[in-house]
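Enquirer: Okay, handing you the structure first.
Number of protein chains: 2
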Amino acid sequence: MKGFARNLALAVLAIPATAMAAPAPAEGDVAWDFVAGLTSEVGQRLAGSEAEARGRQWAAERLKALGFSNVAIELAVTRAYVRGLDAARLTLPVPQKLAVTALGFSGTTPDAGLEGDVVYFASLDALKAVPAGSLTGKIVFLDHAMKAAQDGSGYGPYGQARRAGPAVASTKGAAAIVIRSIGTDSHRNPHTGVTNFPAGVTPIPAAAMSNPDADMLVRLIGKGKALRMALTLTGRTAESLPTGNVIGELPGRDPALPPILVGCHLDSWDLGTGAVDDGAGCAIVTAAALKARGAGQTLRTIRVLMAGAEEIGAAGGAAYAKAHPEHHALAMESDSGADRVWRAEMKFAAANAALADRVAAALAPLGIPRGQGEVEGGADVGPVIAAQKLAVIDLSQDMTHYFDLHHTPDDTLDKIDRAALAQNVEAWAAVLGVVANAPEEIAPAG
Amino acid sequence: MKGFARNLALAVLAIPATAMAAPAPAEGDVAWDFVAGLTSEVGQRLAGSEAEARGRQWAAERLKALGFSNVAIELAVTRAYVRGLDAARLTLPVPQKLAVTALGFSGTTPDAGLEGDVVYFASLDALKAVPAGSLTGKIVFLDHAMKAAQDGSGYGPYGQARRAGPAVASTKGAAAIVIRSIGTDSHRNPHTGVTNFPAGVTPIPAAAMSNPDADMLVRLIGKGKALRMALTLTGRTAESLPTGNVIGELPGRDPALPPILVGCHLDSWDLGTGAVDDGAGCAIVTAAALKARGAGQTLRTIRVLMAGAEEIGAAGGAAYAKAHPEHHALAMESDSGADRVWRAEMKFAAANAALADRVAAALAPLGIPRGQGEVEGGADVGPVIAAQKLAVIDLSQDMTHYFDLHHTPDDTLDKIDRAALAQNVEAWAAVLGVVANAPEEIAPAG
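Residue numbers (our numbering), protein chains in the order written: chain A, 16 to 461; chain B, 16 to 461.
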């Protein structure tokens with residue numbers, strides 16, 4: 016966006032903010048306008064917050080303005096995390112401020128913080144290996160070795176340091192835990208995200224620090240220095256806060272046919288503005304549905320689901336599945352950023368092999384081959400897929416740079432490449448053009 | 016540094032921080048070890064702070080350990096800025112948190128902050144053009160159009176938005192000013208730096224916001240939205256705080272010959288750890304001096320000057336010139352990061368044309384041509400150059416990415432490429448090998 020800003024900067028001089036006319040949007044760039052508007056006119060949309068509610072209103076209005084039918088906000092509730100003050104610093108061997116963020120469902124420190132000796136673990140397995148009670152009063156520094164990969168495959172295993180590490184540290188007696196961010200960048204922006212304390216495990220204060228900070232601690236440890244850290248995390252868990260989904264449809268010519276469901280999530284973490292996670296996904300499915308419909312109508316209805324509270328437990332997707340037992344034909348989700356689609360994974364019943372071939376044929380000219388891996392579906396459409404054993408298509412996005420931004424303050428609009436965003440819309444529209452016009456029954460895929 | 020951290024992570028498991036042995040440093044990598052140690056074992060070194068004092072002790076000890084003679088800490092005083100709490104958010108049209116940092120010598124807001132309507136200016140010239148008193152109570156958002164350049168040439172003119180913009184806004188009656196960071200990155204890290212309020216101009220609160228935040232404001236302004244901002248900057252200016260320089264020498268075979276002075280600055284801004292600005296510079300001059308000396312001695316003494324308080328007015332360099340009226344032969348400074356040297360600029364008396372040719376010949380095999388531009392010398396060696404009309408050599412570093420990091424939280428060790436740092440040392444050592452062994456008189460260059 017810097018270029019845009021600069022051009023605008025040249026065009027306007029000393030004009031009060033109120034007095035300026037809106038620049039004309041690029042002709043028909045529905046996806047870009049969606050994510051630019053959502054991130055600027057709403058901003059962050061933390062699950063359970065007033066901002067998430069404003070996001071629902073904004074998205075519902077935008078869907079209506081774009082010609083969607085049956086636009087509805089379906090309220091639900093979610094367990095949530097309300098951020099407080101996050102701060103950390105080394106106190107020994109030298110005072111150094113650390114860039115940290117609380118994890119969702121972190122325990123709470125006293126307002127004045129807590130301080131403790133730091134004990135280093137190179138991996139979650141190493142932390143698991145020490146005896147219960149052996150870390151009493153300590154602050155665990157949990158490291159990991161995640162690397163960037165096109166398919167994002169490091170996030171599953173290494174992300175366990177965030178998801179499970181705090182609970183394991185709690186069972187060992189630790190006073191608190193700070194993990195190396197589950198991220199692949201080298202910026203002073205920590206990566207937040209949810210952690211889980213199972214029933215019976217006491218939540219302890221749990222934070223992530225940026226990679227450069229983690230590197231610095233590792234250097235000091237490597238020099239044989241004893242580390243002490245002061246940590247303040249004053250956020251709290253709220254057991255029940257409002258969330259909700261936004262639904263909209265492009266009705267098909269045959270309303271009796273089960274709809275095609277395309278999902279994304281509307282909530283975001285609060286540090287950035289939720290541009291790549293997942294404003295982009297909602298922008299892609301919205302623009303692609305419109306593009307697939309074109310001037311007329313598809314045979315089947317395309318239903319957009321913009322889910323709430325995905326980041327903190329996916330309450331929106333669960334609520335959708337419960338509220339919508341009506342049969343669906345197929346589900347897809349966009350929630351891996353805004354970089355290019357490079358591969359398609361499909362799960363169809365054997366009876367729909369010809370349909371799968373037609374989808375593959377529609378993607379082939381775009382350089383997107385059919386993979387042989389598992390489909391994932393996504394956290395928002397996952398519950399309805401599970402309930403109805405739906406057919407699923409995953410359009411895998413290039414995730415090489417996704418975990419540079421994921422859950423950080425840096426998840427902002429300028430990170431989205433407009434050409435890559437447009438390629439997503441093109442790929443999605445190609446798929447929807449096939450499946451939403453499929454005359455045959457789309458069977459449960461099992 | 017992530018690779019290092021990961022390898023170490025594999026090597027150690029559940030070992031208390033105290034119990035680990037230091038890994039062996041790479042053989043003879045004086046420059047890397049210097050900047051890694053300074054940024055880890057000291058960290059940020061804000062001018063006038065206790066951390067800057069620790070930096071002086073650390074550097075003096077390191078110079079002694081490396082075999083430098085006549086190592087001394089020469090104390091001085093500086094006007095300085097003591098950071099407080101920095102925070103800003105939009106309150107209209109929607110609440111959005113902004114990533115901001117106070118500028119050095121900013122005015123102070125009430126502890127509860129201030130709030131005002133935002134008035135946008137695309138450039139410093141546009142701000143200058145409005146009548147005095149016309150911005151009473153407003154918060155100025157001052158934009159600019161700086162782009163990255165190999166020679167860093169945007170910083171001079173566009174940096175005026177930071178250096179002079181706040182004073183101009185004050186004369187127009189503004190309550191406060193927030194500038195677009197003087198930087199070329201798109202991360203949520205604002206760029207701090209010093210601003211100047213001339214005598215008679217009231218200091219107003221003055222901050223910089225990150226480029227993604229500035230882009231977002233420009234988008235909202237472009238949509239015709241009225242903006243209001245809440246701003247809290249509780250830092251203060253201190254009129255007199257301790258600073259100081261660290262000096263060390265590699266004595267030449269003929270102590271009667273005037274020394275070669277190689278400079279850098281030891282202080283840094285407080286947001287990062289001062290790795291590229293200017294830990295790298297001190298690392299380069301130290302390592303290059305040792306490399307130029309080699310196993311024996313140079314003809315002339317090489318004197319290293321690690322100056323204090325450069326960032327806030329260069330009091331260290333001024334104090335050095337005053338304390339050292341003894342004649343110098345030539346001065347150089349490294350203060351443009353850690354990327355490769357790509358050009359050499361020289362200023363010699365006509366009588367030293369042959370010496371200049373020998374310097375150029377020493378650099379030619381490294382692919383570093385002689386430029387035809389002005390020499391700059393640098394803020395730390397500038398006063399002694401001016402006082403003694405010294406000959407100067409600038410080894411221009413590639414600054415394409417320098418202003419991505421400059422004065423941000425992201426100025427950390429991981430941003431330094433070890434090969435580029437080594438190339439700097441090689442280039443500097445090649446030059447020092449010529450000038451510190453020059454038998455002829457090195458005349459004032461005028």
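Beta carbons are placed, not taken as given, at the ideal position from N, Cα and C, and that holds for glycine.
(1) Answer yes or no: do L281 (chain A) and V261 (chain A) have a C-beta to C-beta separation smaller than 8 Å?
(2) Between the C-alpha atoms of G388 (chain A) and T252 (chain A), what's the straight-line distance to the nearest angstrom?
(3) Taking 8 Å as the CB-CB cut-off, is A51 (chain A) touching chain B?
(4) To which residues of the same chain is R373 (chain A) closer than 6 Å at the C-beta, ignoring the five residues directly before and after it?
(5) Interface residues of chain B around V450 (chain A) at Cβ under 7 Å?
(6) Count the other CB atoms, across all protein chains shown, that sit within 10 Å of the CB of L142 (chain B); report buried if there are 16 or more and exposed otherwise.
(7) Would you mind reading off the limits of the beta strand (DSSP E) that contains K362 (chain A)?
(8) By the three-class DSSP mapping on this structure, what secondary structure does P257 (chain B) have?
(9) Straight-line CA distance for H206 (chain A) to L265 (chain B)?
(10) Can you pull the DSSP bridge partners for K112 (chain B)?
(11) In the segment 183–196 of chain B, which residues sit with their C-beta less than 9 Å from some C-beta in chain A, listed in chain order?
(12) Assuming T93 (chain B) is part of the beta strand (DSSP E), what are its boundary residues?
(13) Do three or more CB pairs link the segment 242–250 of chain A to the segment 120–139 of chain A at distances below 8 Å?
(14) Could you check how far apart the C-beta atoms of D425 (chain B) and R203 (chain A) are, in whole angstroms? I think they sit under 8 Å.
(15) For the segment 209–238 of chain B, enumerate the residues whose C-beta is nearer than 7 Å to any C-beta of chain A, in chain order.
(16) Kindly indicate which three-state DSSP category E456 (chain A) falls into: helix, strand or coil?
(17) In this structure, does DSSP put V446 (chain A) in helix, strand or coil?
(18) Beta carbon of E67 (chain A), beta carbon of V209 (chain A): below 8 Å?
(19) Do A364 (chain B) and G461 (chain B) have their C-beta atoms closer together than 8 Å?
(20) Could you tell me whether the segment 108–128 of chain B touches the segment 144–162 of chain B, where touching means 3 or more Cβ pairs closer than 8 Å?
(21) May I ask you to report which of helix, strand or coil DSSP gives D483 (chain A)?
(22) Just the chain B side, please: which residues come within less than 7 Å of Q111 (chain A) by C-beta, in chain order?
(23) Alpha carbon to alpha carbon, what distance is there between A302 (chain B) and V440 (chain B)?
(24) CB A402 (chain B) to CB T93 (chain B), shorter than 8 Å?
(25) Let me see if you follow: with CB-CB separation under 8 Å, is H202 (chain B) close to chain A or not?
(26) For E455 (chain B), count neighbouring C-beta atoms within 10 Å of its own C-beta (all shown protein chains included) and say buried if the count is 16 or more, exposed if not.
(27) State yes or no: is the beta carbon of A114 (chain B) nearer than 8 Å to at least one beta carbon in chain A?
(28) Could you tell me whether the segment 223–233 of chain B touches the segment 223–238 of chain A, where touching means 3 or more Cβ pairs closer than 8 Å?
(29) Please tell me whether T415 (chain B) has its Cβ less than 8 Å away from any Cβ of chain A.
(30) Sorry if obvious, but does the Cβ on A189 (chain B) come closer than 7 Å to a heavy atom of the ligand FMN?
(31) For the alpha helix (DSSP H) containing Q175 (chain A), name the first residue and the last one.
(32) What is the DSSP secondary structure of F49 (chain A), counted as helix, strand or coil?
(33) Suppose only complete runs of 4+ residues qualify. What are the alpha helix (DSSP H) ranges in the segment 128–180 of chain B, listed by chain order?
(34) Look at the alpha carbon of E76 (chain B) and the alpha carbon of A62 (chain B), and state the distance between them as a whole number of angstroms.
(35) Do L256 (chain B) and L345 (chain B) count as a contact pair if the criterion is CB distance below 8 Å?
(36) In chain order, what residues of the same chain lie with their CB nearer than 7 Å to the CB of A307 (chain A), ignoring the 5 residues before and after it?
Expert: In terms of the structure at hand:
(1) yes
(2) G388 (chain A) and T252 (chain A) have their C-alpha atoms some 37 Å from each other.
(3) yes
(4) Non-local C-beta neighbours of R373 (chain A) in its own chain, meaning closer than 6 Å and more than five positions away in sequence, comprise V449, ordered along the chain.
(5) Per Cβ cutoff of 7 Å: no residues; V450 (chain A) is ~35 Å from chain B at best.
(6) buried
(7) Unbroken beta strand (DSSP E) run through K362 (chain A): 356–362.
(8) strand
(9) Rounded to whole angstroms, H206 (chain A) to L265 (chain B) spans 46 Å at the Cα level.
(10) B:R104
(11) R195
(12) 84–97
(13) yes
(14) 5 Å
(15) The residues in question are N226, P227, A229, D230, M231, V233, R234, L235, I236, G237, K238.
(16) In the structure shown, E456 (chain A) sits in coil (DSSP, three-state: anything other than H, G, I, E or B).
(17) helix
(18) No, the pair does not count as a contact, with Cβ atoms beyond the cut-off.
(19) yes
(20) no
(21) Since the first residue of chain A shown is 16 and the last is 461, residue 483 (chain A) is not available in this structure.
(22) G58
(23) 6 Å
(24) no
(25) Yes, H202 (chain B) lies at the interface with chain A (some Cβ there is under 8 Å from its Cβ).
(26) exposed
(27) yes
(28) no
(29) Answer no: the Cβ-Cβ gap between T415 (chain B) and chain A never drops below 8 Å.
(30) The ligand FMN is not part of this structure, which contains no ligands at all.
(31) 175–178
(32) helix
(33) 139–144, 170–173, 175–178
(34) Using only the alpha carbons, I get a separation of about 20 Å.
(35) No, they are not a contact pair.
(36) T313, I317, A444, L447, G448, A451
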